[in-house]
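Chains as they are written, first to last, in our numbering: chain S, 3 to 366; chain R, 901 to 1280.
For reference, the structure discussed in these notes is given below.
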């Protein structure tokens, strides 16, 4: 974590209070001189695909500036920009890479952080003047709003850095409360909630899920129905319909983990049906549900073989010592554990016994 | 469903873009203009280190300062990484927050096996941060055991203590500034450490190079783990890693237990095994306060396979390329002096910056886009 000594609220306030004392001509003179140099050849391979539907002004405003950027293609599909950029080139790149994102606060903050990062490296002493000039040139109607967002962003960063150690030790609910309060104080409530919408959504979903899954007074199918409805309300359909791709983020996996007591108590056929229903209700396709049902049956066999192996292992350890014990253990592993025999031997040497851990149905 | 469609933007995505241009749905927040990483041929699995996969100091493990996920595309998800191809498939696995890599590696293999079977995938790529970079080696072996072929294409680690971390030994030894092992971990990772499924001792022993207790009848530690789960073309096609470090004063306060007041890793010297007895292979060079560690892991512990070099682009995508000067670490317990001491291609960020834990100035979405792009060059 590095915060440039030049980019702090202190320097920001100093800069604001003193007005524009740093000569704007610094950047602009430099840019003008570079811009008048011989035009370099166009890039062989652009680092980014062109916009699929660029606004008209992007294609007519700064085409020359973009074409004059000196790109260097490297091995492994990498491309870097050679040399420094002119003012016009930076403006053109800002428009190209961020112009279509400025209708959201997250899109705006992406521009601001990219710009701060660039100026931190290129003009740490005069970053604010340069930022103002670049924003006014690239997005004249929004420059003031974007500058304000930059100031808020830096203030928030400084606040967080100063209190990070304490913030991080708070319990999750208090931490979220403290964070949102300060974010709202700095950015305004509406902007803060837009900027952190994803964190807020995940946090609230996790809380709701905890409440629903722990309510063991209600039957499993009722809890499942409530969660399914909540998920569909909270997340866009595009995410729900791809839940089998979500792995750790899968709502079904979370629900399965939280329902183990009930699943354990069910007869095998009912457990299988319940697991399938959980997956289906929480966004898995029929094919994914069928594929996983087959895997679950294979897992049943693995656990059964594992239990048999552990019994035999105990017997061998009680009866034999030394080389004979090792030989018989090796045979038992080969018999019951097949291709994983070698891995399980290594686990045992490390003191880890996978079959002594409780099974999590639907997970392993 | 194989994640191998080219060109980058698929027909489906194009159709979606037209629809998106005509609508104002939630996904409009995603940018159709920004492209970035090439799409990988096979899906990518993120493997978290210590702490909860969806709760490290209140953030999802692989998310940016604003909680946007680093591994999901912006076609299906609004919480996404705009530098990924819109057809990119990526997911994060969930393992126990604090446990041995034997346990976590098995959990990872179980999760990935189910993911592959559910979605008809044939191969995967791994990106592991910190201990996750070790876990993935074990998972790669188990997946080979179960599927009968090399399942993992690219195995990529970030800030991983492949050859141990002196911090783990310092905490287990109850060294200066540590009165309780679990509380020491909670200082860094938050109260997720108090979860019932955790085994903090096993987690820390995993990160010490040698067997912590030679008299307990079991073999623990990174050295043994590396022998059991090596860098091997049997289990993965290509191994690569990011090495990073940062000077003490700049690291995240969550890592301050390890810093100036109590203990600071001196992690840029060479020797065979743990000759200095500090808990990690190699030794120091006598200077603790330089950029020889990332707050938790020395640079002499981090390289697995190829080291990669980061190329910053002021505007647009950053890239990673193979840094061949340090050559390939094929035997993870026997790196060369250069591989342990070179500062070549070391990224100047701390351990938590590499997963975007605030308050970082690292362009984390761009960095993960670069990792996906690098993987795409090698996962065919």
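A virtual CB, placed ideally from N, CA and C, is assigned to each residue, including glycine.
- Taking 8 angstroms as the upper bound for CB-CB distance, residue 1216 of chain R and residue 99 of chain S are in contact here, some 6 angstroms apart.
- Of the other Cβ atoms in all chains shown, 16 or more fall within 10 Å of the Cβ of residue 1145 of chain R; this residue is therefore buried.
- Residue 955 of chain R sits buried, since 16 or more C-beta atoms from the chains shown fall within 10 Å of its C-beta.
- Listed along chain S, the residues sitting closer than 7 angstroms to residue 1258 of chain R by beta-carbon distance are 162.
- For residue 1025 of chain R, the three-state secondary structure derived from DSSP is strand.
- Three or more Cβ pairs closer than 8 angstroms define a contact, and the region 1240–1253 of chain R falls short of that threshold against the region 1012–1025 of chain R.
- In the DSSP assignment, the residues bridged to residue 1206 of chain R are R:1140.
- In this structure, the alpha-carbon of residue 327 of chain S lies about 7 angstroms from that of residue 319 of chain S.
- Taking each of R:1172, R:1086, R:1238 and R:1187 in turn and checking the Cα distance to residue 1164 of chain R, the smallest one comes out for R:1187.
- For the C-beta of residue 1023 of chain R, not a single chain S residue is nearer than 7 angstroms; the gap to the nearest is close to 15 angstroms.
- Listed in chain order, the alpha helix (DSSP H) runs fully inside the region 161–223 of chain S are 174–189, 191–197 and 199–216, counting runs of at least 4 residues.
- Here residue 1056 of chain R is bridged, per DSSP, to R:1027 and R:1140.
- Residue-level contact by beta carbon fails for residue 1244 of chain R and chain S, as no gap is shorter than 8 angstroms.
- Residue 81 of chain S: member of the beta strand (DSSP E) spanning 81–83, first to last residue.
- Put simply, the backbone Cα of residue 1083 of chain R is about 10 angstroms away from that of residue 1089 of chain R.
- Of all residues in the region 982–1006 of chain R, those with a C-beta nearer than 7 angstroms to a C-beta of chain S are 989, 991, 992, 993, 994, 1000, 1002, 1003 and 1006, reading in chain order.
- For residue 1123 of chain R, no Cβ of chain S is located within less than 8 angstroms of the residue's own Cβ.
- The DSSP-derived three-state label of residue 952 of chain R is strand.
- Using a CB distance cut-off of 8 angstroms, residue 1179 of chain R does not count as an interface residue toward chain S.
- Under the criterion of beta carbons closer than 8 angstroms, residue 1001 of chain R and residue 1031 of chain R qualify as touching, at roughly 6 angstroms.
- Here residue 1034 of chain R is not near residue 1024 of chain R, since their CB atoms are 8 angstroms or more apart.
- Straight through space, the alpha carbons of residue 1028 of chain R and residue 95 of chain S are spaced by roughly 32 angstroms.
- With a beta-carbon spacing of about 5 angstroms, residue 158 of chain S and residue 188 of chain S fall inside the 8 angstroms limit used to define contacts.
- Among the residues of chain S, those whose CB is under 7 angstroms from the CB of residue 1119 of chain R are 351 and 352, following chain order.
- With respect to chain R, the C-beta atom of residue 305 of chain S has no partner C-beta closer than 8 angstroms.
- DSSP places residue 1193 of chain R in the strand class (E or B) of the three-state scheme.
- Note that the C-beta distance between residue 296 of chain S and residue 363 of chain S is not below 8 angstroms.
- The beta carbon of residue 1137 of chain R does not come within 8 angstroms of any beta carbon belonging to chain S, so the residue lies off that interface.
- The three-state reading of DSSP puts residue 1201 of chain R in helix, counting H, G and I together.
- Pairing residue 1092 of chain R with residue 1169 of chain R, the inter-Cα distance amounts to about 34 angstroms.
- Under the three-pair Cβ rule at 8 angstroms, the region 190–208 of chain S does not count as touching the region 219–230 of chain S.
- Cβ contact annotation for residue 1278 of chain R (same chain, cutoff 6 angstroms, sequence separation greater than five): 1054 and 1138, in chain order.
- In this structure, the beta-carbon distance from residue 250 of chain S to residue 1097 of chain R does not fall below 8 angstroms.
- Scanning chain R for C-beta atoms nearer than 9 angstroms to the C-beta of residue 323 of chain S yields nothing, as the closest lies near 15 angstroms away.
- R:1181 is the residue among R:1258, R:1219 and R:1181 whose C-alpha sits nearest the C-alpha of residue 1203 of chain R.
- Fewer than three pairs of CB atoms, one per stretch, sit closer than 8 angstroms, so the region 320–340 of chain S makes no contact with the region 239–257 of chain S.
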